[in-house]
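2 protein chains.
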Amino acid sequence: MSPAAPAAPAGGGPRRGRGRPRRADVAELPATRDRILAAAREVFAERGYDKTSIREIARLADVNPALVHHYYGTKERIFAAAVAAAAAPATAGLPVAQQFPPEETGLAFTRLFFGVWENPATRGPLLALVRSAVNNETAAGIFRGFVTSQLLSRVTGGLDLPDAELRAELAAAQLVGTVMLRYVMRFEPLAGADAEELIRRLAPVVQHHLTGHGLHPPH
Amino acid sequence: MSPAAPAAPAGGGPRRGRGRPRRADVAELPATRDRILAAAREVFAERGYDKTSIREIARLADVNPALVHHYYGTKERIFAAAVAAAAAPATAGLPVAQQFPPEETGLAFTRLFFGVWENPATRGPLLALVRSAVNNETAAGIFRGFVTSQLLSRVTGGLDLPDAELRAELAAAQLVGTVMLRYVMRFEPLAGADAEELIRRLAPVVQHHLTGHGLHPPH
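Heads up: the sequence lines are chains A and B, in that order. Residue 1 is where the first sequence starts when you use UniProt numbering, and the numbers rise one by one after that. Residue 1 is where the second sequence starts when you use UniProt numbering, and the numbers rise one by one after that.
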């Protein structure tokens, strides 16, 4: 089913023929571009990276496939745009680590992470993208590039430590693994646990990975 | 390509017709059963749970599909058998938590976990099963049941704590997330890091989740 078309010019023209670009494509560039991206997100989420085609995205957006290529180039590039759009609620709210006293970084990031994943509106698209990245090498590369440049770099920016990147990734591993067991594979009691309780338990671990404070090595 | 057939009776009989069970199916029950399981593991690993059919497993094992049903029942049940077989190297070596002084549990389980995942012979099949579980609800349920009954229960058995299950799952989340970022999505520097270095960093976190010792909450 097509999403609602953007506002058409008053009066309208003759119905366009199949495959013929309509004037509106020129008049409404941002709306068309957004509609293509919305369609792409929907198709990637439903079918995964492997089974999605530019043709199918074009069909759902009700545009000529050439227009999808024109705006977004390859399937890789439109997937990257879909990843960025799906993660926008997370990245928009993402602070840089310098904004906190060092000992609050773990709690701040853990709380933000759960905020995004506990919200069904943002969880759904993110889950679909994670599934694509798990199953396709190209999609994994795009996902990795995005997470590294947009998310991990904000964490490592505040850490004045030579192993900041590895620290950020081990912290991310704790949170990503929690996503896998809680939302994807639904292990109990983890899947049904209160989010605040999980934040309380995980924030010190994230803190430990990032700053190395608070944990004693085993004897 | 079919795997090598088990030793045929000397002299042999006439070539069997297509779809006709051969006498060897009766004479060599354990070998046939094993061959079907080996074929199932190969097909599940290559194509994932969704795209695997009993027919394809039968074709690779060079038996009648009815024989696959006879030994293993449904696709769900042969997948469960494949999961158990792929995880056997891990479960065989898995200690119960009581065998260690409490403060060594984290290190023991972390080391065992990396031992299984660093070995390409065990990593390949496990990765394939994780991919299936991420993409299919039925496969996820089977995977979950196996991990809970065979792995997590061994950990929680040694913890005399009311929240032992949640603790074990949060510890597992740290390790599963590391698998996702290191072996599946290949984030650097995590993917290239020395396994001993990762064990050194992660064991205290696993220990903390399991016993609650060694970590201070953030202020």
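C-beta atoms are modelled at their ideal positions from N, C-alpha and C, and glycine is treated no differently. Note that the structure is predicted; figures quoted are calculated from it, not measured.
Item	Value
Proximity test, Cβ basis, 8 Å: B:F146 and chain A	no
Endpoints, alpha helix (DSSP H) assigned at A:V206	195-211
Cβ pair A:V63, A:T110 closer than 8 Å	no
Unbroken alpha helix (DSSP H) run spanning B:Y71, endpoints	65-72
Interface flag, A:T178 vs chain B, CB-CB below 8 Å	yes
Collapsed DSSP secondary structure at A:A39 in the structure displayed	helix
B:S132 classed as buried or exposed, judged by whether at least 16 other C-beta atoms fall within 10 angstroms	buried
Cutoff 8 Å: B:A195 Cβ touching any chain A Cβ	no
Contact set between B:P189 and chain A, taken where Cβ atoms lie within less than 9 Å	D163, E165, L166, E169
Cβ neighbour criterion (16 or more within 10 Å) applied to B:A61	buried
Chain A contact for B:A133 (CB, 8 Å cutoff)	yes
DSSP state of A:N136 mapped onto helix, strand, coil	coil
Buried versus exposed call for A:K51 [16 or more other C-beta atoms within 10 Å across all chains shown]	exposed
Span separating the alpha-carbon of A:A40 from that of A:Y49	10 Å
Minimum length 4: unbroken alpha helix (DSSP H) runs contained in the region 114-190 of chain A	120-135, 137-146, 153-156, 164-179
7 Å Cβ cut-off: residues of chain B touching A:R111	Neighbours of A:R111 on chain B: none; closest Cβ ~11 Å, over 7 Å.
Distance CB(B:T105)-CB(B:G157) smaller than 8 Å	no
Chain-ordered chain B contacts of A:L181 [CB-CB under 7 Å]	E169, A172, A173, V176
Interface residues of chain A facing B:F143 [CB-CB closer than 7 Å]	M185
Listed by chain order, chain A residues near B:R201 by CB distance under 9 Å	L166, R167, L170, H209
Beta carbon of A:F146 nearer than 8 Å to that of A:V83	yes
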